[in-house]
Structure formats: C-alpha cells, structure tokens
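Going by the numbering used here, the sequence shown opens with residue 74, and the numbers climb by one from there. Built from N, CA and C at the ideal position, the CB exists for glycine as well. All values derive from a computational prediction rather than experimental measurement.
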Amino acid sequence: MSDEPKKPFYITTAIAYTSGKPHIGNLYEIVLADAIARFMRFSGYDVYFQTGTDEHGQKIQDKAEAAGMAPQTFVDMISGEIRRNWDVMNISYDRFIRTTDPGHMAKIQKIFKRYYEQGDIYKGMYEGWYCKPDESFYTESQLIDGKCPDCGRPVEYAKEEAYFFKLSKYAKRLEEYIESHPDFIQPESRKNEMLNNFIRPGLKDLCVSRTSFNWGIPVDFDPGHVVYVWIDALANYITFPGYNPDGDDEPSFKKYWPADLHLVGKDIIRFHTIYWPIMLMALDLPLPKKVFGHPWLLVGGGKMSKSKGNVIYADDLVHSFGLDAIRYYCLKEMPFAQDGNLTYDLIIDRVNGELVNILGNLVNRTMAMTNQYFDGVIPAKCIDEAMDSDLINEASTIFDRVSEKMADLRISDSMQLILDLFRRANKYVDETQPWVLAKDPDKRERLGGVLYNLLEVIRISACLIRCYLPDTGDKMLKMLSCSDDSMESCLSFGLLVSGTKLGASEKLFERIDPVKQMVAVEEYLANKPKSAAEAANVIAAAPATEETNENPPDEGSYITVDDFGKVELKVGKILSAEKHPDADKLLILKVDTGEKIRTIVSGIAKYYKPEEITGRTVTVVANLKPAKLRGILSEGMILMAEHDGKLSFVASSDDIPAGGSVR
Ligand code: MSP
C-alpha cells in the first residue's frame, strides 16, 4: 500500500423531486451511481457520493395542497420515503441532502445576490407562456402546436415581474469549453445535441425568479420573488460539500470540487451542461469534469405513467425478486446510450439464465466438490500450464479489463466481462472433469489444483462483484472464509490460502418458476399496503414526476367513456366453488354468465369458504384475457369492494338474471 493520499472522486446523482414516491427508473440512476462509487472506492479513490431531494417549486406546493398537507410536512414525508427507497437498494451514498436545508437556502440567497450585484442577473418583465409542471417560460415561437416544447402539456399565458440571467454573456466561453473538453458531456451524441440545438443558435436570457407561488427560497432583497427551482437545485452540488459564498470554502469543498461526475437522466442534460456551467462561471468556479446523460428505463417498451398503470416501484421488485437480482438487472440490462426495457419476464430470464445458471452454478458446484473431495478444506495449488493458463490469465487480468470499461462508464459491458469469466470457469470444469479425476487416487493432487483454481476465480470475481451486487459478493467471500477484499489482492492470482476451511455453502440465487412467480407478484401487488408517498402519486394535482420530461404526457389520469366501454361487465351466478389444490389464497369458481359457464380463479379464499358463496350473484369482467392461475385457466374476474381489509361482492339485485349487462 502506498502512503500517498488517496485521489478524491466526487460523484453526484440528480436530486429527485419530492413530488411522490420514486419509481424504478429513478432508482436505476442511483444504483448506477452506487456501482461507480463502490468501484472507485475499491480502486483506491477517496470517494464522496452525494445524492438527495429537490424540494421546492410550484409543482410540489400543488401536490402538498392536494394531499392536504403543509409543504414542509409533505416534503419531509416524501424525502423520507425517497431515502428509504435508496436504502432498500443498498446505496452507499456519503451524504443525502435536502434543498430545504436552512444552510443551503442561506447560501442560495447569497449566490443569487452576488449574481445580481455583479450584473449577471437583472430585473425585467416576463410576458409569455408558462408550463407549470416544467416550471419554465416559453415564447410563442418556442411552443409546439401551442403546447410546451419540452413536455407537450398545455401552457398558461403569464405576465410577471422577474429576474433574468444573462446566459448570452457566457455562451461563447461555454462553447469553447465544451469543444476543448471532449469528455465534459457524455455520451458524445448528447454533446452535439447541446451545441447544435441550443448553444450555437444563441442562448436567450433565463428567467430565474417566480412570483406566482411562494414555496421556494425567497429573494432576500426583493420580497415576493422566489428563486427559480433549478438555480436552487443545481447549486446543491457545491453548497453541501462546503462552498462558501462569502469566501473561505470548507476543506471538503477544496478537496472534492470540481466534481468528477454528475450522473443525470437524458431529459435534464441541458440544465446540467448549459445553465449549471454558466452559473459556475459566474461564480469563478471550475466546471465539473463530466456530465453523463444516461438513457431511460422503460417498462414494457414504454414510459411509466400512473394513467397507464404501469409504474413499477423498486421496493416491490426487491420484495418479489430479491435485492441483488434487481440491482443486477438495472446495471447489466441497461444499454450505454439507448433506453433500456424492463419486464417481469426479462427479469426472470436474467435471474435464471445468468445469475442461477452461470454465477450460482459455478459457486455451487465448486463448493460442493471441495466439500465432497476435500472435506471443505482449500486444496493445494497444482498448476498444469497447458490446461490452466487461459483461465488464470483471464482471472488475473479481469480487474484491468473491468476498470477500462468502468472508466468509460460502460457498466453493463464491465459486468459482462465478469460473467464471461464465470462462463470460462464453468467450461474449465467441463474440460478438467473433476469427478473423473476424483476416481483416480493418482490424480488427487491435480484434482486439488483444479478446485483451487476455481475457488481462486470465485475469490477474485467476488471482490469485483461486491461493487455491483454487494450482498452477493460478501456471501461469496464468506463462503471462501476470505476477509481480504482489497484491490491489490484482486489483482493477483493464487492468494487463497491452502488448508483453510471453507465457510458454509449458501445458495446465491434461487431459480424462479415464471408461472408461480407471476401469481405471487400479482397477489402481492394487489394486497400490499400503500405508503402515504405512493398514495401522493395518485392524489396529486400536478402531474407526477415521471411525466415531467420530454416525452408527450398522458391526458391526466382520466379515462374516457370509450375506455370504460371496453370493459364488458356481466351479472353472474356462482354455481359452485372449491379450493385451488395448489394455492391457499385461490378459489376455483364455476360462474354462469348467461352465454356460458365460466371457470374463474379468484383470490378470495381468505375471506370466504366455498360453501358460503355458492348461489351468490356477482359482477364479472367478461372480456378479460383468459390467464392461467396456478395451472387453471381463469376466464374472467369477479368485482369486489374492499375497505379496511373487509371484502364484499359487487352485485346487482337478484332479479337481474345471469348474463345481464352492467353499465
Ligand atoms: N429534480 C430534478 C433534478 C434536479 S438535479 C439538480 C429532476 N428530478 S426527477 O425526480 O424528475 O428525476 C430524477 C432523475 O431520475 C433524473 O435524472 C431523471 O432523468 C431520472 N429519471 C426519471 N425517470 C427515469 C426513467 N424512467 N429511467 C431512468 N431515469 C429516469 O429531474
């Protein structure tokens, strides 16, 4: 180990709006940042990883009102939920910040005043179109079909006194900076987009205060104005590490600024590569080294939205599939520059195909063979150059190869390298056939050597896997009774100590039965308690976080009469009911719906005995796509009313016969 002080590495994520519970797309960004932070720590850097919540603005004020709460109480609740979600995903942030922090707010007031006093900000009159969800003003010519050019929602005409930032003053300097620092905006395609679509055509002055609401940081020298939420939010990257607008910055700021990496979604790259650098130039501060605009995670190929009902939350996924399975999916499945996709089928496929078949399989069989042939004691090294050099070479070079990919932020590619090493080791098992060696007492030494090599591949990989899947990496090291997880030890093959007793074997990942799993997921989602923050996503007056981006929004959470007309509801009579042989919660019903007798599998066994409901009149969703539930084809769904854990059938009076329509 050298005595040199560690090199600092400052990484940030975007700070999430406290408008509702974050979905798996928001969490993808945080998991990505976490893997990078862990990898940099492992590589010997002094890492500072900052994340947190963005808590001001009209959108949040509206949401708090809709929830019947004071804004501060509302953001306290949502910020707590966001932090809980980060913790569920095992995020190793060094600091979780909140923009309602009084220290931050005081610094923003001073920064704003400095801009004003040095002539970067001036007072004027704003007249134009305002998009509430985006908290942004637009000119008539910027609108697209009369709607917000960024998010496609309706805009309102507004005229108000406001402060403006002279972006144009810094445009030339920014352009030169971007051109002379090829790494500043990544991926490359985003850099060209910023230069060609925004900077070169000319930057308009930016409206940086609001008077139409008050949930923001007051402009202290002009009551009634609050600071534009993006000025407040972007500056978090300097205020919290210890920037001091009065001079004499804290040592931590001197150490970590400029940030090495701002990791943000593609939708907010403009804010981070135009407004933010100009804000810093105006403060005479150096610019961050890199802004990486990551792609988006889509669900079933589309954007998540509450009106589509396809919003997936990270904690629900972790509940159903396990933490490291979901971390793996986010990190391995997401491409470098194009949007990635998430479906339950794909998660199951990756767990079974990669985590169980490749990673789990190698660890299981290596542990099992060492237990069986050597009583669980790590055998002695015995290298056969001809057979082993390829595997040893791959394992000895894995850290350097992974580092190269990580330096380019190609996280998925770096994980692929580790997976390939596991594939290679599985092939080595087939090539060396330890079970054949075990039959010949003369080959015992060689058998030991083969198992040693496999255990050593597992040890080296475990050190790296800990950066992506911390729990899995820890379990692997524990199985090897290995406490040395340093980078130095990861670089050298052959450090595992022969004669050491292995720890207890543990299954790393369980194979998933797709059908059973989907029934379990549906049951869980239908019955899980909803947190207040999740409820806020539904009751919100303003559109939810996930809709505040460049994709066209959905038309609120209403459905039209035509949408409703698509659901065919019929009066049904339950002819018989019996318990599902394979599922405690399900009953199998025969229901007369006029045109036919249907089999309907219903999750009501906890509430009703079969004999209690025979003869009952019910309402059936008759055109629901038939689906197998625990092996039995269900041809519809029974409507139930629910309150406080009590269930009751939704039914017409008994004089409407089976088959009657419900409208
Ligand atoms: N509050 C601003 C950021 C201010 S940073 C100084 C904001 N918040 S957000 O809650 O809307 O988004 C937080 C991050 O999540 C952003 O980087 C955004 O791009 C990202 N994502 C939101 N939906 C996403 C996906 N579906 N997939 C991946 N990332 C997504 O913007």
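Distance cut-off 8 Å: residue i Cβ against heavy atoms of ligand 1
| i | result |
| --- | --- |
| H367 | yes |
| E684 | no |
| T86 | yes |
| P95 | yes |
| D127 | yes |
| A330 | As written in the sequence, residue 330 is Trp, which differs from the Ala given in the question. The answer is no for W330. |
| G98 | yes |
| F344 | yes |
| K205 | no |
| A306 | yes |
| E102 | yes |
| W303 | yes |
| I341 | yes |
| K381 | no |
| M352 | no |
| M591 | no |
| L358 | no |
| V337 | yes |
| M460 | no |
| Y199 | no |
| Y310 | yes |
| L404 | no |
Where residue i falls: helix, strand or coil (DSSP)
| i | result |
| --- | --- |
| A498 | helix |
| Y597 | helix |
| E715 | strand |
| C455 | coil |
| Y681 | coil |
| F722 | strand |
| K580 | coil |
| I290 | coil |
| R226 | coil |
| E623 | Per-residue confidence for E623 stands at a pLDDT of 31, beneath the threshold of 50, marking its modelled position as unreliable; no derived number is given. |
| E628 | Annotation note: pLDDT 30 at E628 (below 50); position unreliable, coordinate value reported separately. Looking at E628 - three-state DSSP - the assignment turns out to be coil, as it is neither helix nor strand. |
| C540 | helix |
| K669 | coil |
| Y101 | helix |
| F313 | coil |
| F257 | coil |
| V509 | helix |
| V475 | helix |
| K405 | helix |
| A605 | helix |
| S469 | helix |
| Y386 | coil |
| F365 | strand |
| I421 | helix |
| M142 | coil |
| M352 | helix |
Opposing strand residues paired with residue i [DSSP bridges]
| i | result |
| --- | --- |
| P81 | D119 |
| S649 | K663 |
| L415 | V372 |
| V691 | G645 |
| A137 | Looking at the DSSP assignment, A137 forms no beta bridge with any residue, so it has no partner. |
| S165 | Partner(s): none; S165 has no beta bridge. |
| C204 | S209 |
| D127 | Y90 |
| C280 | F237 |
| V299 | R283 and P291 |
| R171 | T126 |
| I705 | L702 |
| V588 | DSSP, once it has assigned bridges, lists no residue as partnering V588. |
Cβ-Cβ distance between residue i and residue j below 9 Å
| i | j | result |
| --- | --- | --- |
| T172 | A87 | no |
| I711 | F722 | yes |
| G709 | A695 | yes |
| F566 | A498 | no |
| K478 | L492 | no |
| Y402 | I431 | no |
| L356 | P318 | yes |
| L404 | M488 | yes |
| D322 | Q182 | no |
| D389 | F582 | no |
Any non-hydrogen atom of ligand 2 closer than 8 Å to residue i Cβ
| i | result |
| --- | --- |
| Y90 | This structure lacks ligand 2; the ligands present are ligand 1. |
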